[in-house]
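Each number in our numbering comes from the position in the sequence shown (counting from 1) with 71 added on.
Virtual Cβ for every residue (Gly too), placed ideally from N, Cα, C.
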Amino acid sequence: MLAAKLFGPEDIRVLECPIPEIGEDELLLKTSAAALCGSDLRMIANGYEGVDAVHPLTLGHEVSGVIEKVGKNVTDYHPGMRIAIAPNYGCGVCDECVRGDTHLCADYQAFGINMDGGFAEYMRVPSRLITQGNLMVLSQDFPMEVAAILEPFSCVLNGQERANVHLNDTVLVIGAGPIGVMHAMLAKALGASKVMIRDMSLERMLNCKQIDPWFITVPEENLTQAVMRHTNGRGVDVCITACPSVQAQADALQLMAMCGRVLYFGGLPVGNDQVTLHTNLIHYRQLQISGSTRTNTRQYREVAKMLAAGRIDLAPIITTRYPLFDFKKAVENARKGQGLKTVIEFGKD
Ligand SMILES: [Zn+2]
Ligand SMILES: [Zn+2]
């Protein structure tokens, strides 16, 4: 089978390798679609701990596929089932895991991060992913490429649960990449009264308008003035930073209404994560600040159900498609930041 493997910084090779063997408690997934994520780009640029010429790693943690084969002890899943699969799993016994937050387990693992992932024609699914419920069976009409981006959308739900986004909130999203647009879509679906989007790129903001003309783009030079004008001088109830910007994190506080909620969704580059905050704004406006990372499996299932019910359509998020043998071109395209999500497609299932 073909797989795109990382051998070290900037060393990605698309090569032929054997189809993985599976154990009695495991299953084999035939990949349908796998999306490129910002963290894949960082792993390719910087390399990754434990990955070298002798220990290459197949990346890809945003994946959908069809079950090809199951081990003899796997009883709940069968060949032919169409599957979306949440990448994160934990030890199963620590407090975080028992609470359902396997993504916060000290022993957290994920395919495409600690073991071979979805940029390959077949993927071995370890037993813990099966027993912890990471597999979501999809109906025949669920588009497989959309299933591949359930994972980032589920991270978006994790963030909005932390920030308690709800009915009639005014919401500002800073950063109009795929994650920012997904935040805007989810906030609307959760009942926000207004969703504003800010990005350095005018083109990206125009794209948002094309996806949903109801979104309000705020291209003005003075963001605070623009936000106050759109909120009758009140400020926003929720501000989500979906960009790696120190400035955005610092500026967010002055945009907030009383009892506003700030979500730092996007991380900052390592070594550049010290931000000066006017904490009196937090104090006098009773603000709440939260962060979020990754997603748990419950949230993954929630967004899958939301899409299956037609509550949201993520199809416009996917703007570029490549076959696996063009993986390097896909990486180049994703790096340019043009369009939104880049997806590797494996032929029709
Ligand atoms: Zn991702
Ligand atoms: Zn654990």
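{"query": "Ser-225, buried or exposed, once every other Cβ within 10 Å from all chains shown has been counted against 16", "result": "buried"}
{"query": "Whole-angstrom C-beta distance between Ala-191 and Met-72, which should lie under 8 Å", "result": "6 Å"}
{"query": "Gly-204 beta carbon near ligand 2 (any heavy atom closer than 6 Å)", "result": "no"}
{"query": "Cys-108: CB within 6 Å of a non-hydrogen atom of ligand 1", "result": "yes"}
{"query": "Where Pro-340 falls: helix, strand or coil (DSSP)", "result": "coil"}
{"query": "Helix, strand or coil at Arg-153 according to DSSP, with G and I counted as helix", "result": "strand"}
{"query": "With 16 other Cβ atoms within 10 Å as the buried cut-off, status of Lys-400", "result": "exposed"}
{"query": "Exposed unless 16 or more other CB atoms sit within 10 angstroms - verdict on Phe-396", "result": "exposed"}
{"query": "The segment 192 to 199 contacting the segment 82 to 93, beta-carbon criterion three pairs below 8 Å", "result": "yes"}
{"query": "Whole-angstrom C-beta distance between Thr-366 and Asn-229, which should lie under 8 Å", "result": "5 Å"}
{"query": "Cα-Cα separation, Cys-108 to Thr-102", "result": "17 Å"}
{"query": "Segment limits, alpha helix (DSSP H) that includes Val-346", "result": "No alpha helix (DSSP H) contains Val-346, which DSSP labels as neither H nor E."}
{"query": "DSSP-derived helix/strand/coil call for Gly-204", "result": "coil"}
{"query": "Closer than 7 Å to ligand 2: residues, by C-beta to nearest heavy atom, in chain order", "result": "Gly-161, Cys-162, Gly-163, Val-164, Cys-165, Glu-167, Cys-168, Thr-173, Cys-176, Ala-177 and Asp-178"}
{"query": "Three-state secondary structure (DSSP) of Ile-220", "result": "coil"}
{"query": "Any non-hydrogen atom of ligand 1 within 6 Å of Pro-284 CB", "result": "no"}
{"query": "As assigned by DSSP and simplified to three states, the class of Gln-180", "result": "strand"}
{"query": "Any beta strand (DSSP E) of 3 or more consecutive residues that is wholly inside the segment 76 to 138", "result": "82 to 87 and 98 to 106"}
{"query": "Range covered by the alpha helix (DSSP H) that runs through Ala-399", "result": "Before going further, note that residue 399 is Lys rather than Ala in the sequence given. Where Lys-399 is concerned, the enclosing alpha helix (DSSP H) stretches over 398 to 407."}
{"query": "Glu-133: CB within 6 Å of a non-hydrogen atom of ligand 1", "result": "yes"}
{"query": "Chain B within 7 Å of Lys-76, Cβ atoms only", "result": "Reference to chain B is not applicable here, since this structure consists of a single protein chain."}
{"query": "Proximity test, Pro-223 beta-carbon vs ligand 1 heavy atom, cut-off 6 Å", "result": "yes"}
{"query": "Residue closest to Ala-124, alpha-carbon to alpha-carbon, out of Ala-328, His-354 and Pro-80", "result": "Pro-80"}
{"query": "Touch test, the segment 306 to 317 against the segment 325 to 342, Cβ-Cβ under 8 Å, three pairs minimum", "result": "yes"}
{"query": "CA nearest to the CA of Gly-251, picked from Ile-184, Gly-337, Thr-302 and Asp-240", "result": "Gly-337"}
{"query": "Backbone secondary structure at Thr-173 - three-state DSSP", "result": "helix"}
{"query": "Three-state class that DSSP yields for Arg-382 in the structure shown", "result": "coil"}
{"query": "Three-state class that DSSP yields for Gly-246 in the structure shown", "result": "coil"}
{"query": "Reduced DSSP secondary structure (H/G/I, E/B, other) of Leu-261", "result": "coil"}
{"query": "C-alpha gap between Met-253 and Ala-260, whole angstroms", "result": "10 Å"}
{"query": "Per DSSP, the bridge partner or partners of Thr-368", "result": "None; Thr-368 has no bridge partner."}
{"query": "Alpha carbon of Gln-357 to alpha carbon of Cys-162, nearest angstrom", "result": "37 Å"}
{"query": "For Gly-131, the nearest candidate out of Ala-219, Thr-146, Pro-214 and Asp-178 (CA to CA)", "result": "Ala-219"}
{"query": "Meets three-Cβ-pair contact criterion under 8 Å: the segment 402 to 419 and the segment 382 to 389", "result": "yes"}
{"query": "Coarse secondary structure for Arg-300, derived from DSSP in three states", "result": "helix"}
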